[in-house]
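Each number in the working numbering comes from the position in the sequence shown (counting from 1) with 11 added on.
Ideal Cβ positions, reconstructed from N, Cα and C, are used throughout, including at glycine.
No experiment lies behind these values; they were computed from the predicted model shown.
Everything on this sheet refers to the single structure shown next.
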Amino acid sequence: MATPNSADIVVVGAGIIGLACAVQLARQGRQVRVIDAQAPGLGASYGNAGHLATEQVFPIADLSILKRLPAMLLDPTGPLRLDWTYLPRALPWFIRLLLNLRPAPYRRSVAGIRALNEASLGAWQRLLHTIGQPQLLREDGSLLVFERAESRAALDAVQQRMISQGVPVAFWSAEAVHTAAPQLSEAIQGGLFFPGTGHFLDPYTVVGALVDAAKALGVDFLQQRVLDARVDGSGVSLLTDQGAVTARQVLIACGAHSAALTAALTGKRVPLDTERGYHLMLPHEHARLPFAVTSLERKFIMTPMPGGLRLAGTVEFAGLQRPANMQRAWQLHRLANGLFRQPLNADEATPWMGFRPSLPDSLPIIDRVCDGKVLLAFGHQHLGLTQAAVTAELVGRLASADVEQPDTAFIAPYRLGRF
12 MATPNSADIV
22 VVGAGIIGLA
32 CAVQLARQGR
42 QVRVIDAQAP
52 GLGASYGNAG
62 HLATEQVFPI
72 ADLSILKRLP
82 AMLLDPTGPL
92 RLDWTYLPRA
102 LPWFIRLLLN
112 LRPAPYRRSV
122 AGIRALNEAS
132 LGAWQRLLHT
142 IGQPQLLRED
152 GSLLVFERAE
162 SRAALDAVQQ
172 RMISQGVPVA
182 FWSAEAVHTA
192 APQLSEAIQG
202 GLFFPGTGHF
212 LDPYTVVGAL
222 VDAAKALGVD
232 FLQQRVLDAR
242 VDGSGVSLLT
252 DQGAVTARQV
262 LIACGAHSAA
272 LTAALTGKRV
282 PLDTERGYHL
292 MLPHEHARLP
302 FAVTSLERKF
312 IMTPMPGGLR
322 LAGTVEFAGL
332 QRPANMQRAW
342 QLHRLANGLF
352 RQPLNADEAT
362 PWMGFRPSLP
372 DSLPIIDRVC
382 DGKVLLAFGH
392 QHLGLTQAAV
402 TAELVGRLAS
412 ADVEQPDTAF
422 IAPYRLGRF
(Lines of atoms letter the chains of each structure in order from A and count residues from 1; the text may use other names and numbers.)
(Lines give C-alpha, C1' and ligand atoms only; values in the text may rest on other atoms or scores of the structure.)
Protein backbone atom coordinates (compact mmCIF):
# COMPACT_ATOMS: atom_id res chain seq x y z
CA MET A 1 0.00 0.00 0.00
CA ALA A 2 1.27 3.45 -0.88
CA THR A 3 0.49 4.99 2.53
CA PRO A 4 -1.04 3.73 5.78
CA ASN A 5 -4.32 5.39 4.77
CA SER A 6 -4.54 4.12 1.20
CA ALA A 7 -5.44 0.79 -0.37
CA ASP A 8 -5.97 -0.77 -3.76
CA ILE A 9 -9.54 -1.79 -2.92
CA VAL A 10 -11.50 -1.19 0.28
CA VAL A 11 -14.33 -3.52 1.27
CA VAL A 12 -16.84 -1.77 3.52
CA GLY A 13 -18.49 -4.53 5.51
CA ALA A 14 -17.03 -7.50 7.40
CA GLY A 15 -20.05 -9.78 7.21
CA ILE A 16 -20.14 -13.02 5.26
CA ILE A 17 -20.56 -11.22 1.90
CA GLY A 18 -17.71 -8.76 2.48
CA LEU A 19 -15.36 -11.44 3.83
CA ALA A 20 -16.00 -13.86 0.98
CA CYS A 21 -15.36 -11.02 -1.47
CA ALA A 22 -12.19 -9.97 0.36
CA VAL A 23 -10.78 -13.49 0.07
CA GLN A 24 -11.70 -13.68 -3.61
CA LEU A 25 -10.15 -10.29 -4.41
CA ALA A 26 -6.98 -11.05 -2.46
CA ARG A 27 -6.62 -14.36 -4.31
CA GLN A 28 -6.75 -12.34 -7.53
CA GLY A 29 -3.71 -10.39 -6.39
CA ARG A 30 -5.48 -7.30 -5.10
CA GLN A 31 -4.35 -5.37 -2.02
CA VAL A 32 -7.49 -5.42 0.11
CA ARG A 33 -8.54 -3.53 3.21
CA VAL A 34 -11.77 -4.40 5.08
CA ILE A 35 -13.48 -1.73 7.17
CA ASP A 36 -16.38 -2.29 9.56
CA ALA A 37 -17.69 -0.60 12.68
CA GLN A 38 -17.84 -4.01 14.40
CA ALA A 39 -15.50 -6.95 14.61
CA PRO A 40 -15.93 -9.32 11.63
CA GLY A 41 -19.17 -11.27 11.50
CA LEU A 42 -20.97 -9.67 14.43
CA GLY A 43 -23.92 -8.47 12.32
CA ALA A 44 -26.47 -10.65 10.56
CA SER A 45 -23.75 -13.18 9.68
CA TYR A 46 -23.33 -14.14 13.33
CA GLY A 47 -26.80 -15.44 13.99
CA ASN A 48 -28.36 -16.68 10.76
CA ALA A 49 -29.97 -20.11 10.57
CA GLY A 50 -26.90 -21.71 9.01
CA HIS A 51 -29.00 -23.25 6.24
CA LEU A 52 -27.62 -23.40 2.70
CA ALA A 53 -31.03 -22.50 1.30
CA THR A 54 -30.59 -23.28 -2.39
CA GLU A 55 -34.22 -24.44 -2.57
CA GLN A 56 -35.59 -21.00 -1.63
CA VAL A 57 -35.91 -19.60 -5.14
CA PHE A 58 -39.06 -17.54 -4.57
CA PRO A 59 -39.30 -13.91 -3.36
CA ILE A 60 -39.77 -13.15 0.32
CA ALA A 61 -43.52 -12.53 -0.14
CA ASP A 62 -46.44 -13.40 -2.39
CA LEU A 63 -49.95 -11.98 -2.76
CA SER A 64 -51.08 -13.75 0.43
CA ILE A 65 -49.24 -11.01 2.32
CA LEU A 66 -52.31 -8.81 1.84
CA LYS A 67 -54.47 -11.29 3.77
CA ARG A 68 -51.84 -11.51 6.50
CA LEU A 69 -51.41 -7.75 6.95
CA PRO A 70 -53.85 -7.40 9.93
CA ALA A 71 -52.10 -10.23 11.79
CA MET A 72 -48.69 -8.74 10.95
CA LEU A 73 -49.72 -5.49 12.61
CA LEU A 74 -51.46 -7.00 15.65
CA ASP A 75 -49.44 -10.09 16.63
CA PRO A 76 -46.07 -9.07 18.16
CA THR A 77 -44.76 -12.66 18.17
CA GLY A 78 -46.15 -13.91 14.85
CA PRO A 79 -43.80 -15.36 12.20
CA LEU A 80 -44.13 -12.22 10.05
CA ARG A 81 -44.40 -8.96 11.96
CA LEU A 82 -44.74 -5.33 10.89
CA ASP A 83 -44.34 -2.85 13.73
CA TRP A 84 -47.28 -0.48 13.32
CA THR A 85 -45.15 2.49 14.43
CA TYR A 86 -42.80 1.74 11.53
CA LEU A 87 -45.60 1.39 8.98
CA PRO A 88 -45.47 5.00 7.64
CA ARG A 89 -41.77 4.68 6.89
CA ALA A 90 -42.12 1.15 5.50
CA LEU A 91 -45.15 1.89 3.33
CA PRO A 92 -43.25 3.01 0.18
CA TRP A 93 -41.12 -0.14 0.39
CA PHE A 94 -44.20 -2.37 0.76
CA ILE A 95 -45.86 -0.66 -2.20
CA ARG A 96 -42.80 -1.47 -4.30
CA LEU A 97 -42.91 -5.05 -3.01
CA LEU A 98 -46.54 -5.40 -4.07
CA LEU A 99 -45.76 -3.98 -7.51
CA ASN A 100 -43.05 -6.60 -7.88
CA LEU A 101 -45.63 -9.34 -7.25
CA ARG A 102 -47.17 -8.68 -10.67
CA PRO A 103 -46.52 -11.63 -13.03
CA ALA A 104 -43.67 -10.21 -15.14
CA PRO A 105 -41.52 -8.73 -12.34
CA TYR A 106 -42.25 -11.74 -10.14
CA ARG A 107 -40.91 -14.08 -12.83
CA ARG A 108 -37.80 -11.91 -13.14
CA SER A 109 -37.24 -12.12 -9.39
CA VAL A 110 -37.60 -15.90 -9.38
CA ALA A 111 -35.19 -16.25 -12.30
CA GLY A 112 -32.64 -13.99 -10.61
CA ILE A 113 -32.81 -15.78 -7.26
CA ARG A 114 -32.70 -19.19 -8.94
CA ALA A 115 -29.62 -18.27 -10.98
CA LEU A 116 -27.67 -17.36 -7.84
CA ASN A 117 -28.93 -20.30 -5.81
CA GLU A 118 -28.15 -22.85 -8.50
CA ALA A 119 -24.54 -21.68 -8.47
CA SER A 120 -24.27 -21.30 -4.70
CA LEU A 121 -23.35 -24.83 -3.63
CA GLY A 122 -20.57 -25.16 -6.18
CA ALA A 123 -19.21 -21.73 -5.27
CA TRP A 124 -19.14 -22.61 -1.57
CA GLN A 125 -17.41 -25.90 -2.31
CA ARG A 126 -14.72 -24.01 -4.23
CA LEU A 127 -14.30 -21.34 -1.56
CA LEU A 128 -14.11 -23.76 1.38
CA HIS A 129 -11.69 -25.99 -0.53
CA THR A 130 -9.51 -22.96 -1.28
CA ILE A 131 -9.24 -22.04 2.40
CA GLY A 132 -8.83 -25.66 3.49
CA GLN A 133 -12.11 -25.86 5.43
CA PRO A 134 -14.52 -28.10 3.44
CA GLN A 135 -15.79 -29.74 6.64
CA LEU A 136 -17.60 -26.54 7.66
CA LEU A 137 -20.42 -27.36 5.22
CA ARG A 138 -22.51 -30.51 5.46
CA GLU A 139 -24.23 -31.35 2.21
CA ASP A 140 -26.88 -33.45 3.91
CA GLY A 141 -30.11 -31.93 2.58
CA SER A 142 -32.97 -30.41 4.54
CA LEU A 143 -36.57 -31.28 5.33
CA LEU A 144 -39.86 -29.35 5.29
CA VAL A 145 -42.40 -31.16 7.52
CA PHE A 146 -46.15 -30.82 8.02
CA GLU A 147 -48.35 -31.86 10.95
CA ARG A 148 -51.99 -31.46 9.91
CA ALA A 149 -53.69 -33.58 7.27
CA GLU A 150 -55.34 -30.47 5.84
CA SER A 151 -51.86 -29.04 5.16
CA ARG A 152 -51.07 -31.75 2.61
CA ALA A 153 -52.56 -29.72 -0.24
CA ALA A 154 -50.31 -26.75 0.63
CA LEU A 155 -47.30 -29.07 0.78
CA ASP A 156 -48.16 -30.55 -2.61
CA ALA A 157 -48.40 -27.03 -4.01
CA VAL A 158 -44.94 -26.23 -2.66
CA GLN A 159 -43.58 -29.37 -4.27
CA GLN A 160 -45.08 -28.53 -7.65
CA ARG A 161 -43.72 -24.98 -7.50
CA MET A 162 -40.26 -26.34 -6.70
CA ILE A 163 -40.42 -28.88 -9.52
CA SER A 164 -41.45 -26.13 -11.94
CA GLN A 165 -38.20 -24.31 -11.09
CA GLY A 166 -35.99 -27.36 -11.33
CA VAL A 167 -35.38 -27.62 -7.58
CA PRO A 168 -34.57 -31.22 -6.56
CA VAL A 169 -37.28 -32.36 -4.13
CA ALA A 170 -38.82 -35.63 -2.94
CA PHE A 171 -41.90 -36.36 -0.85
CA TRP A 172 -41.18 -38.29 2.34
CA SER A 173 -43.87 -40.25 4.15
CA ALA A 174 -44.26 -40.04 7.93
CA GLU A 175 -42.36 -43.33 8.18
CA ALA A 176 -39.45 -41.96 6.15
CA VAL A 177 -39.36 -38.78 8.27
CA HIS A 178 -39.27 -40.70 11.55
CA THR A 179 -36.66 -43.12 10.26
CA ALA A 180 -34.32 -40.23 9.45
CA ALA A 181 -35.26 -38.06 12.47
CA PRO A 182 -36.70 -40.37 15.14
CA GLN A 183 -37.00 -37.67 17.80
CA LEU A 184 -39.57 -35.71 15.82
CA SER A 185 -43.15 -35.86 17.04
CA GLU A 186 -45.48 -38.64 15.93
CA ALA A 187 -47.81 -35.87 14.77
CA ILE A 188 -45.55 -35.26 11.76
CA GLN A 189 -47.48 -36.44 8.70
CA GLY A 190 -44.58 -36.34 6.23
CA GLY A 191 -42.57 -33.73 4.39
CA LEU A 192 -40.46 -32.63 1.46
CA PHE A 193 -36.77 -33.50 1.37
CA PHE A 194 -34.41 -31.20 -0.54
CA PRO A 195 -31.22 -33.14 -1.36
CA GLY A 196 -29.41 -30.20 -2.97
CA THR A 197 -29.21 -28.22 0.27
CA GLY A 198 -27.14 -28.47 3.43
CA HIS A 199 -26.09 -26.59 6.52
CA PHE A 200 -22.99 -24.93 7.93
CA LEU A 201 -21.72 -26.28 11.22
CA ASP A 202 -21.68 -22.73 12.62
CA PRO A 203 -21.92 -19.50 10.59
CA TYR A 204 -19.60 -17.65 12.97
CA THR A 205 -16.97 -20.37 12.61
CA VAL A 206 -17.20 -19.86 8.84
CA VAL A 207 -16.64 -16.14 9.41
CA GLY A 208 -13.55 -16.90 11.50
CA ALA A 209 -12.17 -19.21 8.83
CA LEU A 210 -12.62 -16.52 6.17
CA VAL A 211 -10.94 -13.90 8.36
CA ASP A 212 -7.95 -16.20 8.92
CA ALA A 213 -7.73 -16.94 5.19
CA ALA A 214 -7.99 -13.23 4.33
CA LYS A 215 -5.25 -12.27 6.77
CA ALA A 216 -3.01 -15.02 5.39
CA LEU A 217 -3.50 -13.43 1.96
CA GLY A 218 -2.46 -10.02 3.30
CA VAL A 219 -5.89 -8.47 3.83
CA ASP A 220 -5.86 -5.60 6.33
CA PHE A 221 -8.77 -5.13 8.78
CA LEU A 222 -9.82 -1.81 10.33
CA GLN A 223 -12.57 -1.49 12.94
CA GLN A 224 -13.88 1.95 12.02
CA ARG A 225 -17.23 3.47 11.14
CA VAL A 226 -17.47 4.92 7.64
CA LEU A 227 -19.28 8.27 7.87
CA ASP A 228 -19.16 9.52 4.29
CA ALA A 229 -17.65 8.73 0.91
CA ARG A 230 -17.05 10.36 -2.45
CA VAL A 231 -15.65 9.47 -5.85
CA ASP A 232 -12.76 11.58 -7.15
CA GLY A 233 -10.35 11.53 -10.04
CA SER A 234 -8.01 8.93 -8.57
CA GLY A 235 -10.59 6.64 -7.00
CA VAL A 236 -12.64 6.85 -3.83
CA SER A 237 -12.21 8.72 -0.54
CA LEU A 238 -13.83 7.43 2.63
CA LEU A 239 -14.25 9.48 5.78
CA THR A 240 -14.26 7.31 8.91
CA ASP A 241 -14.58 8.14 12.59
CA GLN A 242 -10.78 7.78 12.77
CA GLY A 243 -9.75 9.72 9.67
CA ALA A 244 -9.70 9.41 5.88
CA VAL A 245 -9.01 6.32 3.77
CA THR A 246 -8.44 6.41 0.04
CA ALA A 247 -8.59 3.60 -2.51
CA ARG A 248 -8.63 2.96 -6.23
CA GLN A 249 -11.87 1.01 -5.82
CA VAL A 250 -14.41 0.42 -3.08
CA LEU A 251 -16.86 -2.43 -2.53
CA ILE A 252 -19.99 -1.57 -0.55
CA ALA A 253 -21.02 -4.78 1.22
CA CYS A 254 -22.32 -3.60 4.58
CA GLY A 255 -25.75 -5.21 4.37
CA ALA A 256 -28.63 -3.25 5.83
CA HIS A 257 -26.34 -0.21 6.29
CA SER A 258 -25.40 0.07 2.60
CA ALA A 259 -28.00 2.59 1.37
CA ALA A 260 -26.42 5.79 2.69
CA LEU A 261 -22.95 5.04 1.30
CA THR A 262 -24.41 3.99 -2.02
CA ALA A 263 -26.28 7.30 -2.24
CA ALA A 264 -23.18 9.29 -1.30
CA LEU A 265 -21.05 7.58 -3.97
CA THR A 266 -23.55 7.18 -6.81
CA GLY A 267 -26.33 9.68 -6.15
CA LYS A 268 -28.82 6.79 -6.33
CA ARG A 269 -31.25 6.20 -3.47
CA VAL A 270 -31.98 2.49 -3.19
CA PRO A 271 -35.15 1.16 -1.52
CA LEU A 272 -33.29 -0.90 1.06
CA ASP A 273 -35.11 -2.00 4.19
CA THR A 274 -34.32 -4.58 6.82
CA GLU A 275 -35.88 -7.86 7.88
CA ARG A 276 -35.09 -8.22 11.55
CA GLY A 277 -34.38 -11.90 12.12
CA TYR A 278 -34.35 -13.64 15.50
CA HIS A 279 -32.86 -16.88 16.72
CA LEU A 280 -32.78 -18.88 19.95
CA MET A 281 -29.75 -21.09 20.58
CA LEU A 282 -30.30 -24.16 22.78
CA PRO A 283 -26.80 -25.18 23.95
CA HIS A 284 -27.85 -28.48 25.56
CA GLU A 285 -29.56 -29.91 22.46
CA HIS A 286 -26.98 -31.73 20.34
CA ALA A 287 -28.63 -34.88 19.03
CA ARG A 288 -32.19 -33.98 18.15
CA LEU A 289 -31.84 -33.64 14.37
CA PRO A 290 -29.52 -34.98 11.65
CA PHE A 291 -30.08 -31.99 9.34
CA ALA A 292 -32.04 -28.74 9.13
CA VAL A 293 -35.81 -29.12 9.52
CA THR A 294 -38.44 -26.47 8.71
CA SER A 295 -42.08 -26.53 9.80
CA LEU A 296 -44.69 -25.72 7.16
CA GLU A 297 -47.33 -24.63 9.68
CA ARG A 298 -45.08 -23.07 12.33
CA LYS A 299 -42.89 -21.26 9.78
CA PHE A 300 -39.43 -21.50 11.31
CA ILE A 301 -36.30 -23.63 10.91
CA MET A 302 -34.23 -25.76 13.29
CA THR A 303 -30.55 -26.36 12.47
CA PRO A 304 -28.21 -28.70 14.38
CA MET A 305 -24.82 -27.17 15.20
CA PRO A 306 -21.87 -28.14 17.43
CA GLY A 307 -23.01 -25.42 19.85
CA GLY A 308 -26.53 -26.83 20.13
CA LEU A 309 -29.80 -26.52 18.25
CA ARG A 310 -30.50 -23.18 16.54
CA LEU A 311 -34.15 -22.14 16.16
CA ALA A 312 -34.55 -19.34 13.61
CA GLY A 313 -36.68 -17.87 10.87
CA THR A 314 -38.96 -15.19 12.29
CA VAL A 315 -39.19 -11.93 10.30
CA GLU A 316 -39.96 -8.47 11.68
CA PHE A 317 -40.14 -5.15 9.83
CA ALA A 318 -39.27 -2.45 12.36
CA GLY A 319 -36.20 -0.71 10.95
CA LEU A 320 -32.69 -0.34 12.31
CA GLN A 321 -33.42 1.76 15.39
CA ARG A 322 -36.19 0.01 17.33
CA PRO A 323 -34.99 -2.18 20.24
CA ALA A 324 -35.20 -5.93 19.78
CA ASN A 325 -38.30 -7.76 21.01
CA MET A 326 -36.67 -10.91 22.38
CA GLN A 327 -40.08 -12.44 23.09
CA ARG A 328 -40.01 -13.24 19.38
CA ALA A 329 -36.91 -15.35 19.95
CA TRP A 330 -38.36 -17.14 22.98
CA GLN A 331 -41.53 -17.85 21.00
CA LEU A 332 -39.39 -20.14 18.86
CA HIS A 333 -38.86 -22.44 21.85
CA ARG A 334 -42.59 -22.80 22.35
CA LEU A 335 -43.07 -23.53 18.66
CA ALA A 336 -40.25 -26.07 18.54
CA ASN A 337 -41.39 -28.04 21.59
CA GLY A 338 -44.49 -29.19 19.72
CA LEU A 339 -42.36 -30.82 17.02
CA PHE A 340 -40.57 -33.32 19.27
CA ARG A 341 -41.54 -36.37 21.28
CA GLN A 342 -39.78 -34.96 24.37
CA PRO A 343 -39.52 -31.30 25.50
CA LEU A 344 -36.46 -29.34 24.47
CA ASN A 345 -33.96 -28.22 27.10
CA ALA A 346 -33.89 -24.43 27.11
CA ASP A 347 -31.44 -24.06 30.02
CA GLU A 348 -28.86 -21.35 29.27
CA ALA A 349 -30.55 -20.61 25.93
CA THR A 350 -29.46 -17.35 24.28
CA PRO A 351 -31.71 -15.13 22.12
CA TRP A 352 -30.38 -12.98 19.28
CA MET A 353 -31.59 -10.45 16.70
CA GLY A 354 -29.92 -9.26 13.50
CA PHE A 355 -30.71 -7.22 10.39
CA ARG A 356 -31.23 -8.84 6.99
CA PRO A 357 -30.92 -6.33 4.12
CA SER A 358 -33.92 -6.60 1.78
CA LEU A 359 -34.92 -4.97 -1.48
CA PRO A 360 -38.55 -5.04 -2.68
CA ASP A 361 -37.86 -7.40 -5.59
CA SER A 362 -35.98 -9.86 -3.32
CA LEU A 363 -32.85 -9.61 -5.48
CA PRO A 364 -29.50 -8.25 -4.29
CA ILE A 365 -27.60 -5.42 -5.90
CA ILE A 366 -24.39 -6.75 -7.44
CA ASP A 367 -22.90 -4.14 -9.76
CA ARG A 368 -19.99 -2.05 -10.99
CA VAL A 369 -20.64 1.70 -11.32
CA CYS A 370 -18.81 5.05 -11.42
CA ASP A 371 -16.39 3.89 -14.14
CA GLY A 372 -15.50 0.81 -12.14
CA LYS A 373 -14.48 2.72 -9.02
CA VAL A 374 -17.51 1.55 -7.03
CA LEU A 375 -18.59 -2.08 -6.65
CA LEU A 376 -21.81 -3.06 -4.88
CA ALA A 377 -22.84 -6.32 -3.21
CA PHE A 378 -25.73 -6.05 -0.75
CA GLY A 379 -29.45 -6.69 -0.31
CA HIS A 380 -29.37 -10.51 -0.22
CA GLN A 381 -32.29 -10.64 2.29
CA HIS A 382 -32.33 -14.02 4.09
CA LEU A 383 -30.06 -15.63 1.47
CA GLY A 384 -26.83 -13.81 2.35
CA LEU A 385 -25.08 -16.90 3.66
CA THR A 386 -26.35 -19.03 0.78
CA GLN A 387 -25.25 -16.59 -1.92
CA ALA A 388 -22.05 -15.23 -0.35
CA ALA A 389 -19.56 -17.40 -2.23
CA VAL A 390 -21.17 -16.98 -5.66
CA THR A 391 -21.47 -13.23 -5.03
CA ALA A 392 -17.75 -13.15 -4.28
CA GLU A 393 -17.00 -14.82 -7.62
CA LEU A 394 -19.17 -12.26 -9.43
CA VAL A 395 -17.50 -9.38 -7.61
CA GLY A 396 -14.12 -10.80 -8.54
CA ARG A 397 -15.12 -10.66 -12.21
CA LEU A 398 -16.45 -7.12 -11.84
CA ALA A 399 -13.35 -5.89 -10.07
CA SER A 400 -11.03 -7.16 -12.79
CA ALA A 401 -13.21 -6.21 -15.76
CA ASP A 402 -11.78 -3.91 -18.40
CA VAL A 403 -12.66 -0.31 -17.55
CA GLU A 404 -13.41 0.71 -21.12
CA GLN A 405 -15.49 -2.30 -22.16
CA PRO A 406 -16.51 -4.23 -19.05
CA ASP A 407 -18.31 -7.52 -19.68
CA THR A 408 -21.11 -7.15 -17.12
CA ALA A 409 -24.02 -8.89 -18.82
CA PHE A 410 -23.85 -11.68 -16.23
CA ILE A 411 -25.07 -9.31 -13.46
CA ALA A 412 -27.95 -7.80 -15.49
CA PRO A 413 -30.73 -8.89 -13.04
CA TYR A 414 -28.86 -7.38 -10.07
CA ARG A 415 -27.90 -3.96 -11.41
CA LEU A 416 -28.29 -0.78 -9.41
CA GLY A 417 -30.00 0.89 -12.34
CA ARG A 418 -33.16 -1.20 -11.99
CA PHE A 419 -34.25 1.23 -9.26
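Item, Value
"Does the count of Cβ pairs from the region 363 to 376 and the region 330 to 342 closer than 8 Å reach three?", "yes"
"Among the residues of its own chain, which have a CB less than 8 Å from the CB of Arg159, if the five just before and after it don't count?", "Gln200, Glu308"
"What is the C-beta distance between Leu293 and Asn356, in whole angstroms, given that I count them as a contact (C-beta under 8 Å)?", "6 Å"
"Restricting to Cα atoms, I'd like to know which of Arg379, Arg280, Ala225, Leu276 is closest to Trp104.", "Arg280"
"Going by the DSSP bridge assignment, what does Arg44 pair with across the sheet?", "Val21, Asp231"
"From what residue to what residue does the beta strand (DSSP E) around Asp243 run?", "237 to 243"
"Run the CB neighbour count on Thr96, radius 10 Å, all protein chains shown included, and call it buried at 16 or more, exposed below.", "exposed"
"Are Leu154 and Gly207 touching if we call contact CB-CB under 8 Å?", "no"
"Between the beta-carbon of Gly318 and the beta-carbon of Asp213, is there less than 8 Å?", "yes"
"Identify which residue in Ala399, Gln171, Ala115, Glu197 has its Cα closest to the Cα of Gln353.", "Glu197"
"Starting from His140 and walking both ways along the alpha helix (DSSP H), at which residues does that stretch end?", "114 to 141"
"Indicate whether the contact test is met: 3 or more Cβ pairs, each with one atom in the region 43 to 61 and one in the region 212 to 226, closer than 8 Å.", "yes"
"Alpha helix (DSSP H) containing Asp167: first to last residue?", "163 to 175"
"Please classify Thr190 as buried or exposed, where buried requires at least 16 other C-beta atoms within 10 Å of its C-beta.", "exposed"
"Could you give the C-beta distance for Ala264 and Phe421, rounded to a whole number, given that I count them as a contact under 8 Å?", "Ala264 to Phe421, Cβ: 18 Å. No contact."
"Provide the residue(s) that pair with Leu93 in DSSP beta bridges, ordered along the chain.", "Phe328"
"Run the CB neighbour count on Ile174, radius 10 Å, all protein chains shown included, and call it buried at 16 or more, exposed below.", "exposed"
"Restricting to Cα atoms, I'd like to know which of Gly246, Trp341, Asp94, Ala126 is closest to Gln332.", "Asp94"
"Given a threshold of 16 other Cβ atoms within 10 Å of its Cβ, counted over all protein chains shown, does Ser75 qualify as buried or as exposed?", "exposed"
"Alpha carbons only, please: which of Phe232, Val326, Leu132 is nearest the one belonging to Gly26?", "Phe232"
"Please state the DSSP three-state secondary structure of Val218.", "helix"
"Which residues mark the beginning and the end of the alpha helix (DSSP H) in which Gly383 is found?", "No alpha helix (DSSP H) holds Gly383; DSSP gives it neither H nor E."
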